[in-house]
Amino acid sequence: MASLTLYPEDERLVGASRVAFNLYMITAIGLFVILMIIGLTMRLSQAMWFEVQVDLFYKLLSMHGTGMVGTAALSTTAVMWYFLRKYVNLHLWAFITNYVLFMLGAVCIIVAIFIGDYGALWTFLYPLPVNGMGLWSSYTAALFMAGNLLIGVGSLLFYFDAAAAIIKKHGNLGRALGVQWLFKGTIDPNHPKAVVASTMVIIANSLGILAGAVVLVMSLINVFYPDMHLDALLAKNLTYWFGHMYINATIYMGVIAVYELLPRYTGKPYAISRPFIWSWSASTLFVIIVYPHHLMMDFAQPQWLTIMGQVISWSAGFPVFLVTTFGALQNLHRSGIKWKTPSRFMILSLFGWAAGIVPAILDGTVRNNLVMHNTQWVPGHFHFYLVLGVLSMVLALMFHVTGSRTQTPPNSSADKIGFSFYLIGGLVFVLAFLAAGHMSVARRMATHLEQWIPTDKMGSIGATILILGMIYFAVRISIGLLRSPSSSQATGASSSSSSQ
Amino acid sequence: MKRTTLLGLVGIALWVVNMLPPVRSLIETTMTSQMLVQLTMLTMSGWFVAHLVPLHVRDHIDRWNAQGIAGLLLATVTSMVWMLPRMMDSSLSDGTITVAKFVTVPLLIGVPLALSWPLMGFVVRGFFLLEAVATAFRLGWLYLISPERVCVNYLIDDQQVLGIVMLCIGGVLFAYFGWKLMFGTIRT
Ligand code: HEM
């Protein structure tokens, strides 16, 4: 069971581990700020408050989408590593190699976008990347795809190392997921939730990356040998299988922070249960087969896939989300929780997840998708659960770790103001997208009609407030992480107890 | 007879059988059997022959083959050559390429794989197997969509059969590894 000690000894970051963790988190928070400013630039241009050339808009959108998805994965990988290493023997080289490959991939992507003028978005949907119509060359598209491949290889390396460590301890992935307790047997109360969640991510994301590796290499072949025409629908299926799982996995990695940290702030144990095992096992399967909800408007798609997309959309997110929110509320109830910056972010993250999933489920229904498809309803849903859900989970851990120096979780007045900015700005920003979606405003459009502009303006104001909060967090967290550990930590003195 | 010697002899026998003209001509009549039966058997013959490598030589090689990566690299690069339809084609009509096939596939794919496999950890093996599955899917897909015959000696329908078989192989390997990782016993 997760520790109730705020800063347990086995979580201490020392030497190379500390450097690696700081590299991940400081890079991530810096990238988040830069990419948010890019996002704001696009929103301001849609609101006609700031002029951005159309071709530049699509370059910015490609950078923002790819960068945000990658950075969300990078930071939540650090969350998974931070907790999983306590239970199984992870190798630091795999964690660091993932970082290096990520950075190399990022360089390829940045060069492809800002030097090669690539503007076919993060989904690199065949055959768009190779049809730059003179705006970018097919070699640029190849560089962009190679960058994605590098990032995928890095993730796989990390997952395989984690899988090896989990299998060594638990025998196989099924046992790590807890399937032996689905119907019978006494559940080991010490079976870590972090292991269950990580196992799910390893299974789902490895499959997704396999699909991505197939379609990326095939697209690369098409770049150099255009006579090899791919089946566009098959390529789209594989691309979304990869893309959906990759971004979805971030919340399943991020939530480990809630499982591990929440009981420390409430002071109440957060036990593993049969419903918990059931929900994670079910979601492991569902998350793998839910992606067809992205292809509901593809008339050539086999009907059974579309039906599966709808049925599974209604059930995929629910099990884990329900068991997590219900478990967290139970844990919170009459707990006398210590309201510190990390605990605030944890509760916000559950709200972001819970509320963000609702528009997704609505859109995952064929009837609704008919009018919602490719409207700003879609960025409304995913910004909701990414900005207020995933990012809040990551920020919770970042803030928690900055408190490890003094063994006191941060809770300054400035933090509270920053949090309010983040919450209010975030809500205004995502609700503006949803309102625009409700009016059928098309997504991915550089120029907007006159009637669409009010929601663009509202979104821009929300984003500006959110970014102000985020810039403060970035400075605060970077300084907090870089400060050397206190002497008691350096010498390995015992950590404080939950009485704080 | 020692087990290793026996396995080595099986390897040599497999190689000789594959060289026999009737066997060769039977296997080489279709693209699918040349690629999937002949190349696989030649690789296996090399794998078995590797058992004849004396222990002290193995120790020496192991020092240059950390985690089996050097051997894996050699085997992969050689396989890349033999995945080219042009090479398979030429091996039917050009004597030098025929000899190259019968020598390099066992010695530069089978032997290094056998010597490297025990040295590989879970991560390296995982990467190798995942890439093998991905390659089966990619090649299968390519053979199916290729607008023209890639071998002079084989017809396009033969090439498409190979494509389907490759996709099936990818699917079976994928299901097997998936099942093993989820519910099997694995040495890490
Ligand atoms: C202040 C914060 C942010 C702002 C202002 C912002 C702005 C935008 C805008 C204007 C779009 C294009 C909407 C359209 O299609 O019309 C967009 C798309 C997107 N954003 Fe954000 N965003 C922010 C934060 C984030 C975060 C934190 C993530 C992920 C962790 C994210 C991921 C994405 C993705 C994946 C897309 C889709 C790109 C595409 O359509 O190809 N964004 N964002």
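Chains A and B, in that order, give the protein sequences.
Going by our numbering, the first residue of the first sequence is number 629, and it counts up by one from there.
Going by our numbering, the first residue of the second sequence is number 40, and it counts up by one from there.
By construction, the Cβ of each residue, glycine as well, lies at the ideal position given by its N, Cα and C atoms.
Fair warning: this is a prediction, and the values are worked out from it, not measured in the lab.
Does the ligand HEM have a heavy atom nearer than 7 Å to the CB of T867 of chain A? Along the first sequence, read from residue 1 onward, the residue named residue 867 of chain A stands at position 239. No.
Sorry if obvious, but does the Cβ on I879 of chain A come closer than 7 Å to a heavy atom of the ligand HEM? Taking the first residue of the first sequence as position 1, residue 879 of chain A is located at position 251. No.
Just to check, is the beta-carbon of G667 of chain A closer than 7 Å to a non-hydrogen atom of the ligand HEM? Numbered from its first residue, the first sequence carries residue 667 of chain A at position 39. At least one heavy atom of the ligand HEM is nearer than 7 Å to the Cβ of G667 of chain A, so yes.
If you check the beta carbons only, do L668 of chain A and T1092 of chain A fall under 8 Å apart? Here residue 668 of chain A refers to the residue found at position 40 when the first sequence is read from its first residue. Here residue 1092 of chain A refers to the residue found at position 464 when the first sequence is read from its first residue. Yes, Cβ-Cβ distance for L668 of chain A and T1092 of chain A is below 8 Å.
Chain B within 8 Å of D789 of chain A, Cβ atoms only: Sequence index remark: in the first sequence, residue 789 of chain A carries index 161 (1-based). Closer than 8 Å: yes.
Compute the Euclidean distance between the alpha carbons of F946 of chain A and T694 of chain A, then round it to the nearest angstrom. The residue labelled residue 946 of chain A in the question sits at position 318 within the first sequence. The residue labelled residue 694 of chain A in the question sits at position 66 within the first sequence. One C-alpha to the other measures close to 27 Å.
N- and C-terminal bounds of the alpha helix (DSSP H) containing R892 of chain A: Sequence index remark: in the first sequence, residue 892 of chain A carries index 264 (1-based). Taken as a continuous stretch (DSSP letters only), the alpha helix (DSSP H) holding R892 of chain A covers 860-894.
Alpha helix (DSSP H) runs contained entirely in the region 111-172 of chain B, provided each spans 4 or more residues: 124-132, 134-143, 150-155
Proximity winner among A:A839, A:F1047, A:S1068, A:G1097, relative to I1083 of chain A (alpha-carbon distances): The residue labelled residue 1083 of chain A in the question sits at position 455 within the first sequence. Looking at the sequence shown, residue 1083 of chain A is not Ile but Thr. Nearest of A:A839, A:F1047, A:S1068, A:G1097 to T1083 of chain A, Cα basis: A:S1068.
Note down, in chain order, every chain B residue with its Cβ under 8 Å from the Cβ of L848 of chain A. Translated into the one-based positions of the first sequence, residue 848 of chain A becomes position 220. Within chain B, no residue comes near L848 of chain A; the closest Cβ sits about 10 Å away, beyond 8 Å.
Are the C-beta atoms of N800 of chain A and some chain B residue less than 8 Å apart? Residue mapping note: residue 800 of chain A aligns to position 172 of the first sequence, counting from 1. Cβ-Cβ to chain B under 8 Å: yes for N800 of chain A.
Per the DSSP calculation, T1003 of chain A is bridged to which residue(s)? The sequence position of residue 1003 of chain A within the first sequence is 375, counting from 1. Answer is A:A1070.
Report the three-state DSSP secondary structure of A734 of chain A (helix, strand or coil). Walking along the first sequence from the start, residue 734 of chain A turns up at place 106. Three-state DSSP puts A734 of chain A in a helix.
Using the beta-carbon count (16 or more within 10 Å), is T912 of chain A buried or exposed? Position 284 of the first sequence, counted from the start, is the residue given in the question as residue 912 of chain A. Classification of T912 of chain A: buried, given that the 10 Å Cβ count is 16 or more.
Could you pull the start and end residues of the alpha helix (DSSP H) that N818 of chain A belongs to? As a working mapping, residue 818 of chain A is identified with position 190 in the first sequence. Run containing N818 of chain A: none; DSSP gives neither H nor E here.
Just how far apart, CA to CA, sit T18 of chain B and A52 of chain B? Any question about residue 18 of chain B goes unanswered here, given that chain B covers just 40 to 227.
Residue from A:L1014, A:A790, A:T1030 with nearest C-alpha to R1131 of chain A: Any property of residue 1131 of chain A remains undetermined from this structure, which presents chain A solely from 629 to 1128.
Take every Cβ of the region 903-920 of chain A, pair it with every Cβ of the region 867-881 of chain A, and state whether three or more of those distances are shorter than 8 Å. yes
Examine the ligand HEM and report whether any of its heavy atoms sits within less than 7 Å of the Cβ of L112 of chain B. Locating residue 112 of chain B in the second sequence gives position 73, counting from the first residue. For the ligand HEM, not one heavy atom lies less than 7 Å from the Cβ of L112 of chain B.
In the DSSP assignment, find the alpha helix (DSSP H) that holds Y787 of chain A and state where it starts and stops. Position 159 of the first sequence, counting from 1, holds the residue named residue 787 of chain A. Element bounds for Y787 of chain A: 766-798.
Mapping the DSSP letters down to three states, classify S1040 of chain A as helix, strand or coil. Residue numbering aside, residue 1040 of chain A sits at position 412 when the first sequence is read from its first letter. Coil, per DSSP.
CB contact below 8 Å: V842 of chain A versus chain B: By one-based count along the first sequence, residue 842 of chain A stands at place 214. V842 of chain A counts as touching chain B.
Does the beta carbon of H857 of chain A sit closer than 8 Å to a beta carbon anywhere in chain B? The count along the first sequence starts at 1 and reaches residue 857 of chain A at position 229. Output row for H857 of chain A: interface = yes.
S1125 of chain A versus R962 of chain A: straight-line alpha-carbon distance, rounded: In the first sequence, counting from the first residue as 1, residue 1125 of chain A sits at position 497. In the first sequence, counting from the first residue as 1, residue 962 of chain A sits at position 334. Because S1125 of chain A sits at a pLDDT of 36, beneath the cut-off of 50, its placement in the model cannot be relied upon, and the following sentence gives the value as read from the coordinates. Each residue's alpha carbon lies about 20 Å from the other.
Are there 16 or more other CB atoms within 10 angstroms of the CB of L784 of chain A, so buried, or fewer, so exposed? Position 156 of the first sequence, counted from the start, is the residue given in the question as residue 784 of chain A. Classification of L784 of chain A: buried, given that the 10 Å Cβ count is 16 or more.
The ligand HEM heavy atoms versus the CB of G980 of chain A: any closer than 7 Å? For the purposes of this step, residue 980 of chain A is identified with residue 352 of the first sequence, where counting begins at 1. Because no heavy atom of the ligand HEM lies under 7 Å away, the Cβ of G980 of chain A does not count as near it: no.
Please state whether DSSP places S901 of chain A in a helix, a strand or coil. For this step, residue 901 of chain A is matched to residue 273 along the first sequence. Reduced to three states, the DSSP call for S901 of chain A is coil.
Please look up how many angstroms separate the CB atoms of I900 of chain A and P817 of chain A, rounded, as I've assumed it's under 8 Å. Stepping through the first sequence from its first residue, residue 900 of chain A is reached at position 272. Stepping through the first sequence from its first residue, residue 817 of chain A is reached at position 189. Yes, they are in contact, since the Cβ atoms of I900 of chain A and P817 of chain A sit about 6 Å apart, within 8 Å.
Would you decide whether W103 of chain B is buried or exposed? Buried here means 16 or more other CB atoms lie within 10 Å of its CB. Translated into positions along the second sequence, residue 103 of chain B becomes position 64. Answer is exposed; the Cβ neighbour count stays below 16.
Going by the C-beta, is H922 of chain A closer than 7 Å to any heavy atom of the ligand HEM? Looking up residue 922 of chain A in the first sequence gives position 294. Not under cutoff, so the answer is no.
Within the same chain, show all residues whose beta-carbon is closer than 6 Å to that of T953 of chain A, passing over the 5 residues directly before and after it, in chain order. Within the first sequence, the letter at position 325 stands for residue 953 of chain A. Cβ neighbours of T953 of chain A beyond the five flanking positions: L978, A982.
Distance check for T705 of chain A and L886 of chain A, CA to CA, integer angstroms please. Within the first sequence, the letter at position 258 stands for residue 886 of chain A. Within the first sequence, the letter at position 77 stands for residue 705 of chain A. The residue asked about is misnamed: residue 886 of chain A is Val in this sequence, not Leu. Those two C-alpha atoms are separated by around 14 Å.
How far does the alpha helix (DSSP H) with A1024 of chain A in it reach, from first residue to last? Along the first sequence, read from residue 1 onward, the residue named residue 1024 of chain A stands at position 396. It spans 1019-1030 - the alpha helix (DSSP H) in which A1024 of chain A sits, taken as one unbroken run.
Does the distance between the C-beta of T174 of chain B and the nearest non-hydrogen atom of the ligand HEM fall short of 7 Å? As a working note, residue 174 of chain B is residue 135 in the second sequence. T174 of chain B Cβ: outside cutoff for every heavy atom of the ligand HEM.
Please confirm whether any heavy atom of the ligand HEM lies closer than 7 Å to the CB of P1007 of chain A. Your numbering for residue 1007 of chain A matches position 379 in the first sequence. Answer for P1007 of chain A: yes, Cβ within range of the ligand HEM.
Less than 8 Å separating the beta-carbons of I184 of chain B and M925 of chain A? Here the question's residue 184 of chain B lines up with position 145 in the second sequence. Here the question's residue 925 of chain A lines up with position 297 in the first sequence. Going by C-beta atoms, I184 of chain B is not nearer than 8 Å to M925 of chain A.
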